[in-house]
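Peer 1:
In UniProt numbering, the protein residues as written are 1 to 301.
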């Protein structure tokens, strides 16, 4: 049996208009090919769809049944086509976003708000992982995009794993000190000014970012004395607030009022805390494409 949607569309027009001539006019075709398609449909089904007499033109019982089914089928097909097109435009689907915790103090929340506003039918979830876990999750297709900071990953490693990384937000590192610390009265400091301070740092074995910051200290002429490590930035800031040491944080961290903590810009050669987005190059995922289009407007860095 070979029945196509065009035949059903033609049949439905005739059934609704109760006239071949009016249906042909509605469909913008001539009457002979319309009649031929209806006859072909009847032949395929093996039933009469219309009872024709010299004075009447009515649907048969089979015709009335097909009219209901055809209307539902064509409506469902239109919905299916519309949904497929929305999916291709990234307007429907799911986006799984991996982030490092400190990214939520910066531009990511407003970015997600904008994405949700423009694509309300896309569901998204946040997965707070360190860079290493995010990297593995990207390769395993457990997340769709990942956000993490410096240092930038090696392009060859990314290419080998079918991943691409883009710089999305520029940011520097600042120094967080206790509000009663002598340095807290300054407008800005040099990185070397904290050479003799107890250093509080994110766990060095969980991410390249804190190791990069330690190396920045070495490049500035001193080996920091690491006093404590912690897994979460807020833990470090709580310790700074208690007067237990100093720590290096992305500047956006200062947007939140941390009790007893003062954030100081670094005057010369401030380490960068640039935020990168990483995503797979294997799939042309429309939802990821839509998200990247929001991320890439001119002037957003």
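Beta carbons: idealized from backbone N, C-alpha and C, even for Gly.
#1: For residue 258, which of helix, strand or coil comes out of DSSP?
#2: Put residue 13 into one of helix, strand or coil per three-state DSSP.
#3: What residues are listed by DSSP as bridge partners for residue 148?
#4: Which one of 81, 85, 60, 20 has the shortest CA to CA distance from residue 287?
#5: Report yes or no: do three or more beta-carbon pairs, one from the stretch 197-207 and one from the stretch 220-239, lie closer than 8 Å?
#6: Alpha carbon to alpha carbon, how far is residue 76 from residue 238? Give it in angstroms, no decimals.
#7: Check the DSSP bridge columns for residue 176 and list the partner residues they point to.
#8: Taking DSSP's pairing of strands, which residues face residue 199 in a bridge?
#9: With residue 106 as the anchor, note down where its alpha helix (DSSP H) starts and where it stops.
#10: Mind the definition here: the stretch 267-287 touches the stretch 133-153 only if three or more C-beta pairs lie below 8 Å; say whether that holds.
#11: Tell me whether residue 282 sits in a helix, a strand or coil according to DSSP, three-state version.
#12: Could you check if residue 298 is buried or exposed, using at least 16 other CB atoms within 10 Å of its CB as the buried criterion?
#13: Answer yes or no: do residue 199 and residue 261 have a C-beta to C-beta separation smaller than 8 Å?
#14: Specify the secondary structure class of residue 155 as computed by DSSP and reduced to three states.
#15: Nearest to residue 47 by CA position, among 98, 64, 270, is which residue?
#16: Could you pull out every residue in the same chain whose Cβ sits closer than 6 Å to the Cβ of residue 300, ignoring the five residues on either side in sequence?
#17: Go through its chain and collect everything with a Cβ distance to residue 252's Cβ below 7 Å, but skip five positions before and after it.
#18: Nearest by alpha-carbon distance to residue 129: which of 148, 111, 165 is it?
#19: Can you give me the Cβ contacts of residue 58 inside the same chain, cut-off strictly under 6 Å, excluding the 5 residues immediately before and after it?
#20: Kindly indicate which residue of 79, 264, 220, 257 has the alpha-carbon position closest to the one of residue 234.
#21: When DSSP builds the beta bridges, which residues end up paired with residue 93?
#22: Could you check where the alpha helix (DSSP H) with residue 22 kicks off and where it finishes?
#23: Per the DSSP calculation, residue 51 is bridged to which residue(s)?
#24: For residue 143, name the three-state secondary structure that DSSP assigns.
Peer 2: On the basis of the coordinates in this document:
#1: Position 258 of the chain shown, counting from 1, holds the residue named residue 258. It is coil, neither helix nor strand.
#2: Along the chain shown, one-based indexing puts residue 13 at 13. Residue 13: helix per DSSP, three-state reduction.
#3: In the chain shown, residue 148 corresponds to position 148, counting from 1. Looking at the DSSP assignment, residue 148 forms a beta bridge with 276.
#4: Here the question's residue 287 lines up with position 287 in the chain shown. Looking at the Cα atoms, 85 is the closest of the given residues.
#5: yes
#6: Numbered from 1 along the chain shown, position 238 holds the residue referred to as residue 238. Numbered from 1 along the chain shown, position 76 holds the residue referred to as residue 76. Roughly 57 Å between the two C-alpha positions.
#7: Indexing the chain shown from 1 puts residue 176 at position 176. Looking at the DSSP assignment, residue 176 forms a beta bridge with 247, 263.
#8: Against the chain shown, residue 199 aligns to sequence position 199. Paired residues: 226, 246.
#9: Translated into positions along the chain shown, residue 106 becomes position 106. Counting along the chain, residue 106 falls outside any alpha helix (DSSP H), and DSSP gives it neither H nor E.
#10: yes
#11: On the chain shown, position 282 is the one that residue 282 refers to. The answer is coil: DSSP assigns residue 282 none of H, G, I, E or B.
#12: For the purposes of this step, residue 298 is taken as the residue at position 298 of the chain shown. Annotation note: pLDDT 46 at residue 298 (below 50); position unreliable, coordinate value reported separately. When all chains shown are included, residue 298 counts as exposed.
#13: Sequence index remark: in the chain shown, residue 199 carries index 199 (1-based). Sequence index remark: in the chain shown, residue 261 carries index 261 (1-based). Contact: no.
#14: Taking the chain shown and counting its residues from 1, one reaches residue 155 at position 155. In this structure, residue 155 counts as helix in the three-state DSSP scheme.
#15: Within the chain shown, the letter at position 47 stands for residue 47. The shortest C-alpha separation from residue 47 is found at 64.
#16: Along the chain shown, read from residue 1 onward, the residue named residue 300 stands at position 300. Low per-residue confidence applies at residue 300: pLDDT is 45, beneath 50, and the placement is therefore not dependable, though the value from the model is reported in the following sentence. Closer than 6 Å at the Cβ level, and outside the excluded window around residue 300, lies no residue.
#17: Walking along the chain shown from the start, residue 252 turns up at place 252. Here the set comprises 105, 106, 171.
#18: Counting from one through the chain shown, the residue named residue 129 turns up at place 129. Of 148, 111, 165, the residue nearest in Cα terms is 148.
#19: Sequence index remark: in the chain shown, residue 58 carries index 58 (1-based). The answer, listed in chain order, is 51.
#20: Within the chain shown, residue 234 is the residue found at index 234, counting from 1. Of 79, 264, 220, 257, the residue nearest in Cα terms is 257.
#21: Residue 93 sits at position 93 when you count from the first residue of the chain shown. DSSP output for residue 93 lists 122 as bridge partner(s).
#22: Here residue 22 corresponds to residue number 22 of the chain shown, with the count starting at 1. Where residue 22 is concerned, the enclosing alpha helix (DSSP H) stretches over 20-27.
#23: Walking along the chain shown from the start, residue 51 turns up at place 51. Residue 51 is bridged to 58.
#24: Stepping through the chain shown from its first residue, residue 143 is reached at position 143. Reduced to three states, the DSSP call for residue 143 is coil.
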